[in-house]
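Protein chains in written order, with the working numbering: chain P, 1 to 355; chain F, 1001 to 1355; chain E, 2001 to 2355; chain B, 3001 to 3355.
4 protein chains.
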Amino acid sequence: MSFNTFGRVFRFTTWGESHGPALGAVVDGCPPGLALSEADIQPFLDKRRPGQSRFTTQRQEPDQVRILSGVFEGRTTGTPISLMIENVDQRSKDYSEVAAAYRPGHADYAYDQKYGFRDYRGGGRSSARETAARVAAGAVARLAIPEVKIRAWVEAIGGDAIDPANFDADEIDRNPFFCPDAAAAKRWETLVDDARKAGSSLGAVIACEAIGVPPGWGAPLYAKLDSELAAACMSINAVKGVEIGDGFAAATLSGEQNADAMRPGPDGVHFLANHAGGIAGGISTGQPVLVRVAFKPTSSILTPVETITREGEATEIRTKGRHDPCVGIRGAPVVEAMVALVLADQKLLHRAQCG
Amino acid sequence: MSFNTFGRVFRFTTWGESHGPALGAVVDGCPPGLALSEADIQPFLDKRRPGQSRFTTQRQEPDQVRILSGVFEGRTTGTPISLMIENVDQRSKDYSEVAAAYRPGHADYAYDQKYGFRDYRGGGRSSARETAARVAAGAVARLAIPEVKIRAWVEAIGGDAIDPANFDADEIDRNPFFCPDAAAAKRWETLVDDARKAGSSLGAVIACEAIGVPPGWGAPLYAKLDSELAAACMSINAVKGVEIGDGFAAATLSGEQNADAMRPGPDGVHFLANHAGGIAGGISTGQPVLVRVAFKPTSSILTPVETITREGEATEIRTKGRHDPCVGIRGAPVVEAMVALVLADQKLLHRAQCG
Amino acid sequence: MSFNTFGRVFRFTTWGESHGPALGAVVDGCPPGLALSEADIQPFLDKRRPGQSRFTTQRQEPDQVRILSGVFEGRTTGTPISLMIENVDQRSKDYSEVAAAYRPGHADYAYDQKYGFRDYRGGGRSSARETAARVAAGAVARLAIPEVKIRAWVEAIGGDAIDPANFDADEIDRNPFFCPDAAAAKRWETLVDDARKAGSSLGAVIACEAIGVPPGWGAPLYAKLDSELAAACMSINAVKGVEIGDGFAAATLSGEQNADAMRPGPDGVHFLANHAGGIAGGISTGQPVLVRVAFKPTSSILTPVETITREGEATEIRTKGRHDPCVGIRGAPVVEAMVALVLADQKLLHRAQCG
Amino acid sequence: MSFNTFGRVFRFTTWGESHGPALGAVVDGCPPGLALSEADIQPFLDKRRPGQSRFTTQRQEPDQVRILSGVFEGRTTGTPISLMIENVDQRSKDYSEVAAAYRPGHADYAYDQKYGFRDYRGGGRSSARETAARVAAGAVARLAIPEVKIRAWVEAIGGDAIDPANFDADEIDRNPFFCPDAAAAKRWETLVDDARKAGSSLGAVIACEAIGVPPGWGAPLYAKLDSELAAACMSINAVKGVEIGDGFAAATLSGEQNADAMRPGPDGVHFLANHAGGIAGGISTGQPVLVRVAFKPTSSILTPVETITREGEATEIRTKGRHDPCVGIRGAPVVEAMVALVLADQKLLHRAQCG
């Protein structure tokens, strides 16, 4: 099956391929009366936009969003919001090689096995270009949760992690890596440049924090807040792991070490720690919600890799096209968008049941 | 909201609290004509059943399942299968302390914030006892995917991991830890015993492998196979992280290291590696599907932890009740069940669209 | 497929067959804190219960409901409410004839064609006995919409309609036909008795009114209030038609005749008519919501009807078992339940989006 | 809430307002490999297109559809199919009257009550113009069910019904009323013309038949084929009633009269009647599926009707704009589309569970 809709009551549906005429999202269930124009969406698309530094793909896409419905006199009407982004730089290249053989690590083989057929131009629907539509939808979701501040950053590239002691939130937007540690950003310039020049690629870890989520959001048991965040993040291209709070590190702790003790605080409760990442029993606790996401290295590399043709013959393939040497970098705004979309949905779900 | 149904076309709904009269699951959308009796379900419940060794909670529950509908003359009819497990050992203890104060790490505070009210007996709906219903449903799901063999094991307890060189699948059922490494199992006896005696607790990592998944299962983009697995596993009590294939380790690799090269093979394709964990672009590749899940240490510990009362006053709490010193151990059959449930759903979804 | 769950956020799932050990419903998404006990549900089951007069089936079922989860200290907790009704009078009769041949008008042939197999005891899952579970769930839904008063009545049996001039709401509960017209009730005694004695059956029309629905409920476009009501009512056994407001009669009117003119009123607006049945554009207007439902005559009749065997041979069948001579009569509490379930869901959906 | 998606596995989402830049549909879950181009969709849009005769609104819309995604080299890829229709003739008229006061029978009051706000230009989202998107989606659905032939016709206008004896399927496309009875079509010319000239309007009844539906489609209990058809048709603008087979007439029959007797036939079974409209127990029987739909008269009339302003003051309104004197006429292609969409979904659902 194909399930291109996400969400329970605040929902979005995306459509479009890497090399089709356009791509887009339909946001449904958005509360009415929110001020919304293209200017609320464009900045988030611009953060994700390719071709802005030598560390990302050189495909040039303005990623200009148009709102086609759901807004009247500058406010959301409560009806579906249709967002469209035209593809501009679908460079006419020769796809015969990709059409003929499967790129390892890409969806090529799996799509052919599933559908018997695939749009091989730039990966078609499986291209990370689709995430532009998510980012647009996420910008709308943010408006539905003004009480929450969401920000993501890159925590590690190719195994080289930031130093938590150097964390400076203001630094995130000052370098092309969404890196909160200026020293690490400096190192990553060389690291990513070397990979790029070698036609190689690197993995990355993205962290995302949502501050201001009130206690009580989450729909136990099978739409728990953490469960929905895991689904949302794992659905992003190239993601192979998701953690909430301490994640895998929590598995090495004792119960005493992992306890988030509570004290009375000015706003009711004061937590002494946040190993849980702001979620207990699938419901937000009021602490910052913390998600960490692992991106594998871009599968497109210049080194030839053994593969097979559509006919099952042995061959080799090297991916010459434009691509991100580290797809995780541009993953940061995408993770932010998915977190916003989950939180908007959970806010509305909570309101539905608990008034 | 409350969303106690999981799945798209092969769906299940669970109900029941830790200390209510019973708990159960309704499995809907199961293919007709499958041979099914209680005997197909009971062995999986027995694997998860508490009180079987000193390493798990001493609550004694026979966990006898009854099939109340959906089966006629020993075969599934295609209509809802209602499964019920009666609670037997709801020891009448004094819950006044748990009722009055929030146990850190538990859902107590979050449930009260969400619902304004909670069933405090043994955690009520947030108790891991609910997973018995999932295991029962999972046993039915297995029958819908006879081509797939699923097995989970404990990979690490309290940070002490198995040695992959010692991996012996037959060992998994020979020790009370679902441990495939006899030497590690030996070490864990002491480790878990010490924690138990100290009233402390330990985290764990569970790995689960599904062999025989044909290529093509997965519903891109927002019901991708990996996305559904992440949601399914993250919804299990105490889980804080999910990885597919190499997971977070993939983020430290280069594209060359992470490539799963392909060669022609006797069954069409032969993969030279499985960093991807059997999933590309959200669709199965035909390789073993590999999931890894992090369980935090049981939050119930004897050491007093600072907390607050329902009225917001400072207090301390220590959890004296019966509990698992390492809740992750009994998580192994639960992860298996969730993987089976996701795969059954994806098999049917694939058949729906692709015939 | 099998889809035994109804609703978007206030949802219920039913299970069980006519001659299985029990049947039940799981109500999910119910707001927390509502006072609920079996005593809130039983009266509605009693209204639908068989064997109460000679005008309904003589099967004796106490239809005692048990609440197995979701309620603590007399209040709903916000978690799934499991309701179970045991089957008691599964008379052990000879089903060989029904097993061998298809009863025309029943689901026998269609179920066999779909599932390749069916539980032929009393119709199995396709039996109207399932509606007991809906009535139980509906009783819970009523608690979530205390502002709404729902009542259904029988408007016609076998083409003999009530006289609107005789409408007396208090009369509905005074006769075994849920008939608001004492004179019609008198006539129906003879009518239904004659049909019963002849082993024949009669159709009926049920009307249902919901008073107190505030303006604004309804989820355009594809979960419109009228659309959901149509789905809910058409899913009831033996139903062949659904109307909102004037229904088919509206198709014979001119725009002037059909206009529901508005004037300022004490509560904001005063409508001069209600052709629309309280719904415009899929959204409630604040007027009474009016639904009308057509039940076909019970398919079980004593007159032999031509049919075929499972093997495709010609034969005849006459249905000797206990059955309702007019299944529509007991449909009244079922329609009420479905209307309550739709309204509870729409109330929560409205709150989700519009706060 | 807003729920602009319909379907379970073959799903579509529509967006757009009467006077926005465009409207469209995203079709998700369509099987891969189907030949599809704009030419497969346009003829159905042309049947519904306004301005083709004096009997429909004079708004001139070319309703040219563009496929923006989901098709590669002329075949569906299994990924979302985005369809867009630009609005061209959004005549710049003065909406101040509609903005200020509620048109009785329209969604104006209900939308304002729900959302606190509405796009008043031509009814915004509540305009029947939205059905163009459904018709486009329906054209795609037809390709997924090539075994089924669907055709709708107008059975009555303003209470003047066709004579079944005159039924001629070929006549349907020969007159501007989708009328299968040439004599009735002749009468309707005068009838509709008179209404149009008087600024009045008329209701209509549409019948729709689907031939070739194999036995076994339908998802009991709450996604029964008839239940889904009822929801689908009741969601169409101006619809107030839905019948399956004999519908309300069945409520006046005896069990003997209503029985669809069966005999062995060349293809397995031969039914002697089709009172059931091809559906039993919510599942198709293999007979033609028959749906009948009641459209109320267009609410826009020239005669002034009492109403209130947004501020609650008494006023009168007469609707001067372009409108259909009988909105039911153009409802025929919309009913066909909805039936196709339901059947495609049910076909896939059946395949999912029953292989």
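Beta carbons: idealized from backbone N, C-alpha and C, even for Gly.
List, in chain order, every chain F residue whose beta-carbon is nearer than 7 Å to that of residue i.
| i | result |
| --- | --- |
| E:Y2115 | P1032, T1077, G1078 |
| P:I283 | A1107, A1110, Y1111, K1114 |
| P:A128 | What P:A128 touches in chain F: nothing, since even the nearest Cβ is about 11 Å away. |
Counting only beta-carbon atoms, is residue i nearer than 7 Å to chain P?
| i | result |
| --- | --- |
| F:V1213 | no |
| E:V2071 | no |
| F:E1209 | no |
Taking CB distances under 7 Å as the criterion, tell me whether residue i reaches chain E.
| i | result |
| --- | --- |
| B:M3001 | Because the pLDDT at B:M3001 is just 48, under 50, the model does not fix this residue reliably, and the point stays unresolved. |
| F:R1103 | no |
| F:M1338 | no |
| B:P3176 | no |
| B:A3280 | yes |
Since residue i meets chain F, which of its residues come closer than 8 Å, beta carbon to beta carbon?
| i | result |
| --- | --- |
| B:G3029 | A1352, Q1353 |
| P:V140 | Correct list: empty, because the minimum Cβ distance to chain F is about 17 Å. |
| E:V2026 | N1004, T1013, W1015, V1026 |
Counting only the same chain and skipping the five closest in sequence on each side, list residues whose C-beta sits under 7 Å from that of residue i.
| i | result |
| --- | --- |
| F:V1135 | F1044, L1045, R1048, P1333, V1334, A1337 |
| E:G2123 | S2018, H2106, A2107 |
| P:G247 | R292 |
| F:Y1111 | R1118, S1126 |
| F:G1212 | E1147, V1148, K1149 |
| P:M1 | With a pLDDT of 47 at P:M1, under the threshold of 50, the predicted position of this residue should be treated as unreliable, and no value is reported. |
Would the C-beta of residue i count as close to the ligand SAM, meaning under 6 Å from any of its heavy atoms?
| i | result |
| --- | --- |
| E:R2322 | Absent from the structure shown: the ligand SAM. Ligands present: none. |
Under DSSP, the alpha helix (DSSP H) around residue i begins and ends at which residues?
| i | result |
| --- | --- |
| P:T319 | Segment: none, P:T319 is in no alpha helix (DSSP H) and carries neither H nor E. |
| B:K3347 | 3331-3354 |
| B:P3043 | 3038-3048 |
| B:V3140 | 3131-3144 |
Just to confirm the assignment, what range does the beta strand (DSSP E) spanning residue i have?
| i | result |
| --- | --- |
| B:A3358 | A query on residue 3358 of chain B cannot be resolved here, the shown segment of chain B reaching from 3001 to 3355 and no further. |
| B:D3108 | Where B:D3108 is concerned, there is no enclosing beta strand (DSSP E), although the alpha helix (DSSP H) it sits in stretches over 3108-3115. |
Could you name the residues of the same chain whose beta carbon sits closer than 6 Å to that of residue i, not counting the 5 residues immediately before and after it, in chain order?
| i | result |
| --- | --- |
| B:A3099 | Y3120 |
| P:R142 | A340 |
| B:S3299 | G3105, H3106 |
For residue i, which residues from the same chain have a beta carbon less than 8 Å from its beta carbon, with the 5 sequence-adjacent residues on both sides left out?
| i | result |
| --- | --- |
| E:R2075 | P2032, G2033, L2034, A2035, L2036 |
| P:M262 | V269, H270, F271, L272 |
| P:T77 | P32, G70, V71 |
Please check if any C-beta of chain B sits within less than 7 Å of the C-beta of residue i.
| i | result |
| --- | --- |
| P:E17 | yes |
| P:D119 | yes |
For residue i, go through chain E and note every residue whose CB falls closer than 8 Å to its CB, in chain order.
| i | result |
| --- | --- |
| P:V9 | R2008, V2009, L2349, A2352, Q2353 |
Interface residues of chain F around residue i at Cβ under 9 Å?
| i | result |
| --- | --- |
| E:R2125 | S1069, G1070, T1077, G1078, T1079, P1080 |
Can you list the residues of chain E that residue i reaches, using a CB-CB cut of under 7 Å?
| i | result |
| --- | --- |
| B:E3243 | K2240, G2241 |
For residue i, which residues in chain P fall below 9 Å Cβ to Cβ?
| i | result |
| --- | --- |
| B:L3023 | L68, S69, S82 |
Since residue i meets chain B, which of its residues come closer than 8 Å, beta carbon to beta carbon?
| i | result |
| --- | --- |
| P:G20 | L3068, S3069 |
### Query
Listed from N- to C-terminal order along the chain, which residues in the segment 3299-3311 of chain B have their beta-carbon within a distance smaller than 8 Å of any beta-carbon of chain E?
S3299, S3300, I3301, T3303, V3305, E3306, T3307, I3308
#### Entry: Contact set between the segment 2242-2262 of chain E and chain B, restricted to residues whose Cβ is under 7 Å from the partner
V2242, E2243, I2244, G2245, D2246, G2247, F2248, A2250, A2251, T2252, L2253, S2254, G2255, E2256, N2258, A2259, D2260, A2261, M2262
### Message
Give me the subset of the segment 2218-2231 of chain E whose CB atoms are less than 9 Å from a CB atom of chain B, sorted by chain position.
### Response
G2218, A2219, P2220, L2221, Y2222, A2223, K2224, D2226, S2227, E2228, L2229, A2230, A2231
### Task
Identify each residue in the segment 3191-3207 of chain B for which the Cβ-Cβ distance to at least one residue of chain E is less than 8 Å, and report them in chain order.
A3195, S3200, S3201, L3202, G3203, A3204, V3205
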